[in-house]
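Numbering (our numbering), first residue to last: 881 to 1215.
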Ligand SMILES: NC(=O)c1ccc[n+]([C@@H]2O[C@H](COP(=O)([O-])OP(=O)(O)OC[C@H]3O[C@@H](n4cnc5c(N)ncnc54)[C@H](OP(=O)(O)O)[C@@H]3O)[C@@H](O)[C@H]2O)c1
């Protein structure tokens, strides 16, 4: 089986990462990579370590030649491209936020614009792969989760599913600068970021907050509240979330650790660290893994969860989702 793919937004940080993964995937053929601003050039002109592929303008992308489109585009542009792809009979894996929130009104509230294709929201599968395998099989539209949500949801799923959480969960997350995308902004300028460490959009105002709380609702009917405080870390890539979760009285760390070990025993990409070990970026960068460490402070469970935002938090999880969607071995191209 050969899966013919096209990548929209191939010059961005997630796009380049995705092209590199797909280029070494044994069941994939890349039919096109698209760019608005660099069409006519080779991808290597923008990203020297990427495969030497010609960049086509998105409007000339040959949709009749592909089975799966990956959208590495800003929100809004992604939904419009998704509609064109689906109309052409092409399956879509969208790395943007456009199809992650179930409710178009919530999308409008958080993204400040009407949803371009609200009729597709009910159909899109939220692709947190480890908990979406049945829903992903054969589907035509996948909403790839956000990077911060991936690091937090994989870490809290076992306690929510088991009904152990007993109060507001605090997620204190730090991200490398590639999380903000390739377009330069003052806040991601080298001089602002280097030798610095800063918080932004803390509390309940970051756009990933509704996505994470929606995810909590997948596993618990009345989920705990969330305080989510992101930080900008002066490294290119990686997310470390330190999560504080009060649990029901009387719990023992050994029992909760056993619950995590059991939940993720057969997962190729989730590594529950040995008791006493804490997750770090070094556990995961340039891999599709999520590393989770557990510790205790009184009645509060302390979770450390690390991912590479461009791999497990974006391109790697997108390929994992494609593999499951098409019935390929889930780890193909990702080991
Ligand atoms: N960075 C992360 O860690 C991360 C993680 C998970 C999800 N995401 C999401 O994935 C998507 C891509 O993120 P990214 O970090 O790769 O962004 P990026 O580095 O800014 O790249 C996006 C690419 O899309 C193209 N583009 C920009 N505006 C466009 C428009 N209006 N219409 C069509 N194409 C446009 C640009 O390429 P051309 O000008 O060459 O066309 C740009 O290189 C975003 O929705 C983001 O929220 C990012």
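By construction, the Cβ of each residue, glycine as well, lies at the ideal position given by its N, Cα and C atoms.
Whole-Å CB distance - residue i paired with residue j, under 8 Å assumed
i, j, result
"residue 942", "residue 912", "6 Å"
"residue 1193", "residue 1116", "Between residue 1116 and residue 1193 the Cβ distance is about 13 Å, and since that is not below 8 Å, they are no contact."
"residue 983", "residue 958", "About 18 Å; that fails the 8 Å criterion."
"residue 1125", "residue 1039", "6 Å"
"residue 1186", "residue 1163", "5 Å"
"residue 1020", "residue 972", "7 Å"
"residue 1191", "residue 1010", "At roughly 15 Å, the Cβ-Cβ gap does not stay under 8 Å, so residue 1191 and residue 1010 are not in contact."
"residue 970", "residue 1213", "In fact, because the Cβ distance is near 19 Å, the residues do not count as touching under 8 Å."
Three-state secondary structure assigned by DSSP to residue i
i, result
"residue 1121", "strand"
"residue 1032", "helix"
"residue 979", "coil"
"residue 912", "strand"
"residue 1096", "helix"
"residue 1000", "helix"
"residue 934", "strand"
"residue 925", "helix"
"residue 900", "helix"
"residue 1110", "strand"
"residue 918", "coil"
"residue 882", "coil"
"residue 992", "coil"
"residue 1070", "helix"
"residue 1039", "helix"
"residue 1047", "coil"
"residue 940", "helix"
"residue 984", "helix"
"residue 1083", "strand"
Assigned exposure category for residue i - 16 Cβ within 10 Å defines buried
i, result
"residue 1132", "exposed"
"residue 949", "buried"
"residue 1110", "buried"
"residue 1078", "exposed"
"residue 848", "Absent from the structure is residue 848, since the part of the chain shown begins at 881 and ends at 1215."
"residue 1029", "buried"
"residue 929", "exposed"
"residue 1013", "exposed"
"residue 1189", "buried"
7 Å Cβ shell around residue i - same chain, five flanking residues per side excluded
i, result
"residue 1060", "1068"
"residue 1099", "1037, 1040 and 1041"
"residue 828", "Any question about residue 828 goes unanswered here, given that the chain covers just 881 to 1215."
"residue 1139", "1038 and 1042"
"residue 1141", "1152"
"residue 1089", "1106 and 1108"
Spatial neighbours of residue i in its chain, beta-carbon cut-off 6 Å, leaving aside the 5 residues before and after
i, result
"residue 918", "891, 926 and 935"
"residue 977", "955"
"residue 1054", "1111, 1113 and 1120"
"residue 1093", "1106"
Beta-carbon proximity list for residue i, same chain, < 8 Å, skipping 5 on both sides
i, result
"residue 1048", "1104, 1105, 1106, 1107 and 1126"
"residue 1052", "1109, 1111, 1121, 1122, 1123 and 1124"
"residue 1134", "1155"
"residue 1046", "1104, 1126, 1127, 1128, 1129 and 1179"
Residue i at chain D interface by Cβ criterion, 8 Å
i, result
"residue 1213", "Checking the listed chains, one finds no chain D in this structure; it contains a single protein chain."
Considering only residues of the stretch 1124-1211, which uninterrupted alpha helix (DSSP H) runs meet the minimum length of 4 residues and lie entirely inside it, listed in chain order?
With a minimum length of 4 residues, the continuous alpha helix (DSSP H) runs that stay inside the stretch 1124-1211 are 1133-1143 and 1196-1206.
Just list the alpha helix (DSSP H) runs in the stretch 1005-1031, keeping only unbroken ones of 4 residues or longer that don't cross its boundaries, in chain order.
Within the stretch 1005-1031, the complete alpha helix (DSSP H) runs of at least 4 residues are 1013-1016.
My parser needs the alpha helix (DSSP H) runs of 4 or more residues fully inside the stretch 945-980; what are they?
Counting only runs of 4 or more, we get 957-967.
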